[in-house]
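Scroll down for the structure; my scribbles are underneath it.
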Amino acid sequence: MKRASRVLNGPVDFPSLEEEVVFLRGLVSVHRMADVILEDCLERGLDLNSGLDVFLTQCARLVHARAGFVSLRGTRGPVLTRVLGEPGVDVLEAAHWQGVRKLDDGRTLFCTRLALGSLELGGLGLVVEGAFDGGGGLVMKLVEAIGEQLDSAVLGFLALTDGKGALERLDALTGEPPTASRGHIGRYEVVTPLGTGGMAQVLVARTRGPEGLGRLVALKRILPHLSSDPSIVQQFLDEARIGLRLSHPNLVHFYDFGEAEGAYYIAMELVRGVDLERLLRAAKGPLETAHAVAVVCQGLAGLHAAHGLQGEDGAPLELVHRDLSPHNLMVGFDGRVKVLDFGVAKARAQRTVTLPGIVKGKPLYMSPEQARGMRLDARSDLFAMGLVLYQSLIGARAFEKPDELATMHAICEEALPPRPSHISRALWDVLETALAKRPEARFGSAREMADRLADACRPANDSELVRLMAKHFPDRHREFMRLDRPASAGGRSQEETPIMRPRLRKSSP
1 MKRASRVLNG
11 PVDFPSLEEE
21 VVFLRGLVSV
31 HRMADVILED
41 CLERGLDLNS
51 GLDVFLTQCA
61 RLVHARAGFV
71 SLRGTRGPVL
81 TRVLGEPGVD
91 VLEAAHWQGV
101 RKLDDGRTLF
111 CTRLALGSLE
121 LGGLGLVVEG
131 AFDGGGGLVM
141 KLVEAIGEQL
151 DSAVLGFLAL
161 TDGKGALERL
171 DALTGEPPTA
181 SRGHIGRYEV
191 VTPLGTGGMA
201 QVLVARTRGP
211 EGLGRLVALK
221 RILPHLSSDP
231 SIVQQFLDEA
241 RIGLRLSHPN
251 LVHFYDFGEA
261 EGAYYIAMEL
271 VRGVDLERLL
281 RAAKGPLETA
291 HAVAVVCQGL
301 AGLHAAHGLQ
311 GEDGAPLELV
321 HRDLSPHNLM
331 VGFDGRVKVL
341 DFGVAKARAQ
351 RTVTLPGIVK
361 GKPLYMSPEQ
371 ARGMRLDARS
381 DLFAMGLVLY
391 QSLIGARAFE
401 KPDELATMHA
411 ICEEALPPRP
421 SHISRALWDV
431 LETALAKRPE
441 ARFGSAREMA
451 DRLADACRPA
461 NDSELVRLMA
471 KHFPDRHREF
481 MRLDRPASAG
491 GRSQEETPIM
501 RPRLRKSSP
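Residue numbering for the sequence shown follows full-length UniProt numbering, beginning at 1 and increasing consecutively.
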């Protein structure tokens with residue numbers, strides 16, 4: 001029996017009470033989150049870019065969207081655009097759309113305009129995998145609710161900053177960089193947002209001190225609406241404590257962590273590159289064998305250093321990453337690969353405790369023992385690296401199924417698909433060993449796996465990876481080069497504009 005409820009500007013038919021409750025909880029979450037994000041940006045002097053990054057990413061999680069965009073317009077056209085993932089459309093064009101659209105790649109795009117009365121502010125879009133029975137009406141209603149809360153928050157932000165009318169304030173975002181600070185956290189001046197995840201936002205920032213502005217860093221901070229959650233804070237501090245002990249060319253270097261006015265942050269090396277997941281999308285298929293082997297071999301070198309980390313007492317910390325995926329392998333424009341995000345890593349001395357049976361990590365890259373909620377050791381990470389290698393070589397995930405439960409079952413029970421003809425027997429043997437169901441049948445260490453992999457195929461050298469990255473991401477490379485230029489006398493480089501403009505695409509990724 002359907003239930004009718006009045007939400008936003010009209011009635012919504014809910015198939016059940018449970019779905020109505022889920023919808024209303026999502027609505028409340030959106031309202032609360034928008035208020036907290038607005039308050040946080042105003043308190044810390046952060047710009048609208050930073051707030052939009054957090055809002056877009058967190059709202060996408062509510063509807064299980066892997067891509068999306070927000071585009072704001074002033075009196076003369078688009079002035080600020082933030083893009084999540086690969087929407088597969090020209091976002092400046094899609095910002096004018098309203099409603100549900102099926103994309104050529106089978107995904108569904110939900111678009112809503114941002115407006116208050118006759119004031120047109122831009123558009124919001126979220127891309128969800130697959131098609132929807134009944135046209136996705138409930139998702140569309142939630143996206144409209146997200147849009148209504150967002151346009152109110154944008155106007156609230158603009159009303160509390162200097163300027164004239166709302167659209168004129170938006171126009172100001174396209175002009176010369178303001179002389180005033182774009183916000184700070186602790187001793188770090190914020191330059192521009194870099195990305196947002198489920199727990200934290202990463203910003204490009206500069207150190208500041210008596211000598212003036214210093215090097216660029218990646219500043220990771222807990223999302224404002226999660227900063228009062230003790231478990232999130234403790235997990236964040238665990239990551240910082242582990243990161244400060246790690247030291248290897250294939251691991252991100254941690255500089256500092258602390259707390260400033262209620263905001264916990266970690267300052268770390270700014271890796272100038274893109275993650276392997278984005279590289280695979282840009283390649284639109286598998287990488288050349290030598291390139292794939294090089295990326296994984298470098299990642300394994302970093303993992304070996306992490307797995308061997310010792311505590312102050314000289315005993316092994318028994319560190320396990322537990323969340324390895326193409327998203328956590330960063331390929332730099334200098335040809336260096338870095339392992340990222342030990343945010344859910346498990347160590348002997350870690351203060352937080354994961355209860356038995358609680359599974360953390362991405363189901364597509366879990367080991368069988370991780371999927372079963374069993375005790376893990378370093379060999380679980382080797383299984384995940386085997387899955388990353390398989391995807392890089394084949395262009396598809398080894399055990400991917402329509403849903404997470406089926407994927408986890410396949411990881412635990414199903415054999416690898418047959419060997420493709422373009423993969424050598426020696427290379428396939430490495431994959432089969434890394435992806436053995438029983439940990440004891442895998443390689444004994446990350447170094448052993450890397451050595452066997454290099455023996456099976458010569459890895460591309462750094463120069464070859466440099467050329468690969470320059471081919472696929474010339475615009476991204478130029479963005480980092482602009483950021484690296486010395487700051488002007490006013491404290492900021494003239495290239496540090498409030499907008500990191502996306503490369504627009506009209507075709508699906």
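Built from N, CA and C at the ideal position, the CB exists for glycine as well.
Give a yes or no on contact between the segment 223-235 and the segment 276-291, applying the rule of three or more CB pairs nearer than 8 angstroms. Too few Cβ pairs lie closer than 8 angstroms, so no.
Cβ-based burial, Q310 [other Cβ within 10 Å; buried from 16]: Here residue 310 is taken as the residue at index 310 of the sequence shown, counted from 1. Around the beta-carbon of Q310, fewer than 16 other beta-carbon atoms lie within 10 Å, marking it exposed.
How big is the Cα-Cα spacing for V79 and R272? Reading the sequence shown from its first residue, position 79 is the one you call residue 79. Reading the sequence shown from its first residue, position 272 is the one you call residue 272. Roughly 25 angstroms separates the two Cα atoms.
Pull up the distance between the alpha-carbon of K360 and that of Q370, whole angstroms please. Translated into the one-based positions of the sequence shown, residue 360 becomes position 360. Translated into the one-based positions of the sequence shown, residue 370 becomes position 370. For K360, the predicted structure reports a pLDDT of 42, less than 50, and the residue's modelled location is therefore unreliable. A value from the coordinates is still provided. If you take the alpha carbons of K360 and Q370, they lie about 8 angstroms apart.
As a quick exercise: from S445, A441, Q234, I394, pick the residue whose alpha carbon is nearest that of H304. Mapped onto the sequence shown, residue 304 falls at position 304. Checking every option, the nearest Cα to that of H304 belongs to S445.
Alpha helix (DSSP H) containing residue 512: first to last residue? With the chain covering 1 to 509 only, the question about residue 512 has no answer from this structure.
Measure from the alpha carbon of L84 to the alpha carbon of each residue in A450, D381, V128, H96, then state which is nearest. For the purposes of this step, residue 84 is taken as residue 84 along the sequence shown, with counting starting at 1. Considering only alpha carbons, the answer is V128.
Beta-carbon spacing of G147, L109 below 8 angstroms: Along the sequence shown, one-based indexing puts residue 147 at 147. Along the sequence shown, one-based indexing puts residue 109 at 109. Cβ distance not < 8 angstroms, so G147 and L109 don't count as in contact.
Let me check one thing: in DSSP terms, what residues is M330 bridge-paired to? For the purposes of this step, residue 330 is identified with residue 330 of the sequence shown, where counting begins at 1. For M330, which the question treats as bridged, DSSP gives the partners D275, K338.
Give the secondary structure of P316 by DSSP, where H, G and I count as helix, E and B as strand, and everything else as coil. In the sequence shown, counting from the first residue as 1, residue 316 sits at position 316. Correct three-state label for P316: strand.
Considering only residues of the same chain and omitting the five flanking positions on each side of C297, which have a CB-CB separation below 7 angstroms? Position 297 of the sequence shown, counting from 1, holds the residue named residue 297. Within the same chain, C297 has close Cβ partners A450, L453, A454, P459.
From G214 to A65, what does the alpha carbon distance come to, in whole angstroms? For the purposes of this step, residue 214 is taken as the residue at position 214 of the sequence shown. For the purposes of this step, residue 65 is taken as the residue at position 65 of the sequence shown. Roughly 37 angstroms separates the two Cα atoms.
Report the residue ranges of all beta strand (DSSP E) runs contained in full by the segment 222-256; include only those spanning at least 3 residues, in chain order. none
Below 8 angstroms between beta carbons: does that hold for V202 and V191? Counting from one through the sequence shown, the residue named residue 202 turns up at place 202. Counting from one through the sequence shown, the residue named residue 191 turns up at place 191. Cβ atoms of V202 and V191: not closer than 8 angstroms.
Can at least three beta-carbon pairs, one atom from the segment 397-417 and one from the segment 320-334, be found at a separation below 8 angstroms? no
6 angstroms Cβ shell around F236 - same chain, five flanking residues per side excluded: Taking the sequence shown and counting its residues from 1, one reaches residue 236 at position 236. Correct list, in chain order: I222, Y264.
Using the Cα positions of A306 and L244, report the straight-line distance between them to the nearest angstrom. Here residue 306 is taken as the residue at index 306 of the sequence shown, counted from 1. Here residue 244 is taken as the residue at index 244 of the sequence shown, counted from 1. C-alpha separation (whole angstroms): 12 angstroms.
What did DSSP end up calling H64 once you bin it into helix, strand or coil? To locate residue 64, count along the sequence shown from 1; it is residue 64. Residue state, collapsed to three classes: coil.
Exposed or buried, which one is K338 when buried takes at least 16 other CB atoms within 10 Å? For the purposes of this step, residue 338 is taken as the residue at position 338 of the sequence shown. Counting Cβ neighbours within 10 Å, K338 comes out buried, since at least 16 surround it.
Length of the line joining the Cα atoms of L251 and A290: Within the sequence shown, the letter at position 251 stands for residue 251. Within the sequence shown, the letter at position 290 stands for residue 290. C-alpha separation (whole angstroms): 21 angstroms.
Could you give the first and the last residue of the continuous beta strand (DSSP E) run that contains G125? On the sequence shown, residue 125 is found 125 positions in, with the first residue counted as 1. From DSSP, the beta strand (DSSP E) with G125 extends over 119-128.
Does the distance from the CB of G69 to the CB of V54 come in under 8 angstroms? The sequence position of residue 69 within the sequence shown is 69, counting from 1. The sequence position of residue 54 within the sequence shown is 54, counting from 1. Note that residue 69 is Phe in the sequence shown here, rather than Gly. For F69 and V54, no; Cβs fall outside 8 angstroms.
Of all the options G332, E239, I185, T196, which has the alpha carbon lying nearest to the alpha carbon of E259? Locating residue 259 in the sequence shown gives position 259, where the first residue counts as 1. Of the candidates G332, E239, I185, T196, the one whose C-alpha sits nearest the C-alpha of E259 is I185.
Is it buried or exposed, I358, if we count other Cβ atoms within 10 angstroms and call 16 or more buried? As a working note, residue 358 is residue 358 in the sequence shown. Note that I358 scores a pLDDT of 38, beneath 50, so its modelled location is shaky; the value from the coordinates is reported in the next line. Classified as exposed, I358 has fewer than 16 neighbouring CB atoms from the shown chains inside 10 Å of its CB.
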